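**Q**
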């Protein structure tokens, strides 16, 4: 078992299920595209974020599957009765579950990304009704929220590293600063990290693929790492 530090400083228990994952039939459930979700927020001015507590632990495991995810310490033998962190299908299963719960409201006033629910509205009057509907749904489905991470009636919201306010969407300023301070890369690993970070915001950069092509070529298989003037200009 592994303890992984979360953003809020608390620890999350994750199982080492690599052997189980190798023989698990993968659930090919797609996670939503960030660009598509951001498009839905254009024009919205009031927001509420609802964070679900312990994410995957809100999904119960079938009785016959419990032996597959047990673990032992020097103290005793433990059995998960809820979906643990570390199993390969956890994100897809949870995303599928959340989409089915929120299906009537998707593309109307709700976007969901795994355990994050964002309620958005154009007016405060609309938001009152939208928020009531979503909270009632969460209650009816017996989902538990983490109140300390929920935020209500926001004029500005940070969602998936984008900032949304007054009907507009901009890049998180902290990410802009990180990109501007990025030093010239000296390895393929660093180049891939840079492309991954900047590519996340490609919707804000016209012709991103063409601009990043010299750097992208460096990451190709059997490609020698030679930093030339084209790479410098692209960087």
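Residue numbers (this note's numbering): 4 to 238.
Cβ atoms here follow ideal geometry from the backbone N, Cα and C, with glycine treated the same way.
Predicted model only: the values in this text are computed from it and were never measured.
For residue 182, does the count of other Cβ atoms within 10 angstroms reach 16, so buried, or fall short, so exposed?
**A** Residue numbering aside, residue 182 sits at position 179 when the chain shown is read from its first letter. Per the 10 Å Cβ criterion, exposed.
**Q** Please say whether residue 19 and residue 90 have beta carbons closer to each other than 8 Å?
**A** Here residue 90 corresponds to residue number 87 of the chain shown, with the count starting at 1. Here residue 19 corresponds to residue number 16 of the chain shown, with the count starting at 1. For residue 90 and residue 19, no; Cβs fall outside 8 Å.
**Q** Does residue 176 pass the burial test, meaning 16 or more other C-beta atoms within 10 Å, or should it be called exposed?
**A** Against the chain shown, residue 176 aligns to sequence position 173. Per the 10 Å Cβ criterion, exposed.
**Q** Tell me whether the beta-carbon of residue 215 lies closer than 8 Å to the beta-carbon of residue 198.
**A** Within the chain shown, numbered from 1, the residue matching residue 215 stands at position 212. Within the chain shown, numbered from 1, the residue matching residue 198 stands at position 195. Against a cut-off of 8 Å, the Cβ pair of residue 198 and residue 215 comes out as a contact.
**Q** Work out the CA separation of residue 116 and residue 100 for me, nearest whole Å.
**A** Translated into the one-based positions of the chain shown, residue 100 becomes position 97. Translated into the one-based positions of the chain shown, residue 116 becomes position 113. Cα to Cα, residue 100 sits roughly 11 Å from residue 116.
**Q** By the DSSP assignment, the alpha helix (DSSP H) with residue 40 in it spans what residues?
**A** Taking the chain shown and counting its residues from 1, one reaches residue 40 at position 37. Counting along the chain, the alpha helix (DSSP H) containing residue 40 begins and ends at 37-44.
**Q** May I ask you to verify whether the segment 146-153 touches the segment 51-71, counting CB pairs closer than 8 Å and requiring at least 3?
**A** A contact exists between the segment 146-153 and the segment 51-71.
**Q** Take every Cβ of the segment 47-54, pair it with every Cβ of the segment 159-171, and state whether three or more of those distances are shorter than 8 Å.
**A** Yes, they touch.
**Q** Measuring straight from C-alpha to C-alpha, what distance separates residue 187 and residue 28?
**A** For the purposes of this step, residue 187 is taken as residue 184 along the chain shown, with counting starting at 1. For the purposes of this step, residue 28 is taken as residue 25 along the chain shown, with counting starting at 1. In a straight line, the C-alpha of residue 187 is about 42 Å away from that of residue 28.
**Q** Please give me, in chain order, every unbroken run of the alpha helix (DSSP H) with length at least 4 that falls completely inside the segment 144-216.
**A** Counting whole runs of 4 or more residues, the segment 144-216 contains the alpha helix (DSSP H) stretches 176-183, 191-202.
**Q** Please name the residue in 172, 200, 207, 16 whose C-alpha comes closest to that of residue 158.
**A** As a first step, residue 158 must be located in the chain shown, where it is residue number 155. Comparing Cα positions, the closest option is 172.
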